[in-house]
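To start, the structure under review is shown below, and the notes come after it.
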Amino acid sequence: MDAELYPYRSLRAGDIRFAYYRMGSGGPPIILLHGWPQTSHAWRRVAGLLSSAYDVVVPDLPGFGYTSKPDAGFDKKTIARRLREFAHGLGLSRVALAGHDLGGHVAYAYAAQWPEEVNNLIFIESSLPSFGQEEAMDVSKGGSWHFGFNMAGDISEELVRGREKLFVDHFMRREKVGLFDANSVSDADIEFYARALQRPGALRSSFSYYRTLPIDRSDNSVWGQTPLPMPVLAIGADWGYGAASEQTVRRVARDVQGAVIERCGHYPAEERPDELARLIADFLAKTPSAQHPAPQR
Amino acid sequence: MNSELNGFRHKSLRVGDVKIHAVVGGDGPPLVLLHGWPQTWWEWRRIMPVLAEHHTVVALDLRGAGHSDCPQSGYDKASLAEDAHGAMAVLGFSRYAVCGHDIGAMVALALAFTHRESVTRVAVLDAPMPGWSQWEANFADPMVWHFAFHMKRDLPERLIYGREFDYVSTFFADRTFNHGALPVEEVEIYARSMAQPGNTRGGLEWYRAFPVDHANALDWKRSPLTIPVLALGGDHRWGPKIVAMLEEFAGDVSGGSIRDCGHWMAEERPAETADALLKFFAQ
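In the order they appear, the protein sequences are chains Y and U. Each residue of the first sequence is one higher than the one before, counting from 1 in the UniProt record's numbering. Each residue of the second sequence is one higher than the one before, counting from 1 in the UniProt record's numbering.
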């Protein structure tokens, strides 16, 4: 494993010990948020590409990887609050945020609660509760089984325990929305994610991100009444959610650009890192930080 | 399972190209019992002796469960109904009453529609029916998260393997009101049955056939049943909804809820369940 490429650091913020890596010697800060069931490892290819122009910060979200696994507080409102404490701990009071999958939920919760602290938002292969995710969860209309499974309770942990690699491999290489090129992520990478899920409390924490979706739904429905003021880039993948990410974001923001990466599944940071990094860099270059008007609170 | 029940005989019936396990006993008009998931004929053990005082009782293991075969296909409810009809024919019964629980209730309804000339009365115990107007909306109910999980191909078998007891015991407990009725040793019997080669897959196939079942049932309900239908559920599960549900399929529906009862009616409230069934089938 090329973990040497990004030596982890630790930062205590509130009651959470955050594990993260940081690249780049200057430039505006961008925080990259991974999705489920992954870790900051998902950004290993993109982080380096952005580091020449940006201060790239890549944390493991609370409950994932080497970051603390708290007993509670997995609703995205709370996760975003903890992430903001982490950013402030690094001295970053205004940031660009990029979130993939559930990381997109967290990025939205951050941007919606503290819009004056988020210069730009990049929303990748994700959909938001209250604003489109319900369709992905509706099994009678082709939605995925894993929402109900992940939310079911202790039995989910019990069935996956010891079978984490099978589980991660299933999701990353599943027929529907999985990798376009099944080998673009190596077995060693799958193993890396699986081992992260094997740590005590990891499955509980990862499923807790789903079990709090009903709370997120009601938080989002309130926040969504005020459109996000900052520029937002929504990125989909043609073998993943396609245009759904942009459709979701258009319901909660007014300054939205969309892009769809071709021949790519649900994991563009790993499957199309060059294209994703270029989309992010072009977006940030066109929408420099601090140019959007201060929001009314 | 091959557990013995006094006064009943185990039979292996050749029905088409599958073997169907039947447990048969009693005297009187024939009554076939169709179990649900994750169970076998054994779910009826507490009420079979009472029913057998008035009926020739035939408790089957469905294709995919217990000691019946687990072939690669044929798990839609019409096919499972054909197995039951074939088993009754092998036993020499051309007209019979039907009682099904859970998945078995879906099979019972399918049997009533596909063999109208043979089925005299049908009792439907605690289950949602494919073809019901709320069938698709029901998938959003957190209590049926397992529908989608079971419908997923291959992966559930891998996740359940070796953990049949953990899965089955959680499944029972989450849907039980009278926990005294299902002690660990009883749950263990079902878990061990599921652990037999092919049985985990067999039971999951019943769910994978739901799209076919729903399409079939929508077709069937255009000509509602005219035979009497008993729709009965636990008051803590399907009881409050089940009569209105079945009225979409039949003109003569009675029933309602059994008190202080979850999903496992013949085990949680055997006396009340047997009483309701005997009254219905005696009419």
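Note that CB positions come from ideal geometry on N, CA and C, so glycine has one too.
| Asked | Found |
| --- | --- |
| Burial state of Y75(U), where buried means 16 or more other Cβ atoms lie within 10 Å | buried |
| Min CB distance D138(Y) to chain U below 8 angstroms | yes |
| Per DSSP, cross-strand counterpart(s) of C99(U) | L33(U), A123(U) |
| Coil, strand or helix - residue 300(Y) by DSSP | Because chain Y is modelled from 1 through 297, residue 300(Y) falls outside the range shown and cannot be assessed. |
| Option in A87(U), E53(U), V57(U), A244(U) with minimal Cα separation from G16(U) | A87(U) |
| Start and end residues, alpha helix (DSSP H) containing A148(U) | 145-151 |
| Straight-line Cα distance separating P197(U) from D27(U) | 35 angstroms |
| Cross-chain neighbours of M151(U) in chain Y, by beta carbon under 7 angstroms | W145 |
| Where the beta strand (DSSP E) through T23(Y) begins and ends | The sequence given here has Met at residue 23(Y), not Thr. 16-23 is the span of the beta strand (DSSP E), which, as asked, contains M23(Y). |
| Neighbour flag for E158(Y) against chain U, beta carbons, 8 angstroms | yes |
| Sequence-distant residues of its chain with Cβ nearer than 6 angstroms to E272(U) (five each side left out) | I258 |
| Chain Y within 8 angstroms of L155(U), Cβ atoms only | yes |
| Q225(Y) burial status per 10 Å Cβ neighbour count (16 or more: buried) | exposed |
| Burial state of V95(Y) (16 or more Cβ within 10 Å) | buried |
| Chain Y contacts from the region 211-227 of chain U (Cβ-Cβ distance under 7 angstroms) | none |
| W145(U) at chain Y interface by Cβ criterion, 8 angstroms | yes |
| First through last residue of the beta strand (DSSP E) which encompasses F123(Y) | 118-124 |
| Within chain Y, the residues that E136(U) reaches when beta carbons sit closer than 7 angstroms | S140 |
| Given K152(U) as reference, the closest of P211(U), D69(U), P29(U) once Cα atoms are compared | P211(U) |
| Closest residue to Y8(Y) among R44(Y), L166(Y), D187(Y), K165(Y) (Cα-Cα distance) | R44(Y) |
| Within-8 angstroms CB hit, I160(U) to chain Y | yes |
| Beta-carbon proximity check, P169(Y) vs I190(Y), cutoff 8 angstroms | According to the sequence provided, residue 169(Y) is Asp. The question's Pro does not apply to it. In this structure, I190(Y) lies closer than 8 angstroms to D169(Y) by Cβ. |
| Start-to-end residues for the beta strand (DSSP E) that takes in S257(U) | 253-258 |
| Test: Y96(U) CB closer than 8 angstroms to a CB of chain Y | no |
| Within-8 angstroms CB hit, P142(U) to chain Y | yes |
| Contact belief for A148(U) with G148(Y) at Cβ below 8 angstroms, rounded distance in angstroms | 5 angstroms |
| Beta-bridge pairing of T56(U) - partner residues as DSSP gives them | P30(U) |
| A112(Y): first and last residue of the uninterrupted alpha helix (DSSP H) it sits in | 102-113 |
| CA-to-CA distance, G258(Y) to L233(Y), given in whole angstroms | 6 angstroms |
| Between the CA atoms of Y21(Y) and S169(U) - distance to the nearest angstrom | 43 angstroms |
| Below-8 angstroms beta-carbon distance, F64(Y) vs any chain U residue | no |
| Euclidean distance between Cα positions of G255(U) and G262(U) | 16 angstroms |
| Sufficient close CB pairs (3 or more, under 8 angstroms) joining the region 124-140 of chain U to the region 93-107 of chain U | yes |
| Neighbouring residues, chain U, relative to R163(Y) (Cβ below 8 angstroms) | R158, L159 |
| CB contact below 8 angstroms: R121(U) versus chain Y | no |
| Neighbour flag for residue 289(U) against chain Y, beta carbons, 8 angstroms | Outside the modelled stretch of chain U, which goes from 1 to 283, sits residue 289(U), for which no answer is possible. |
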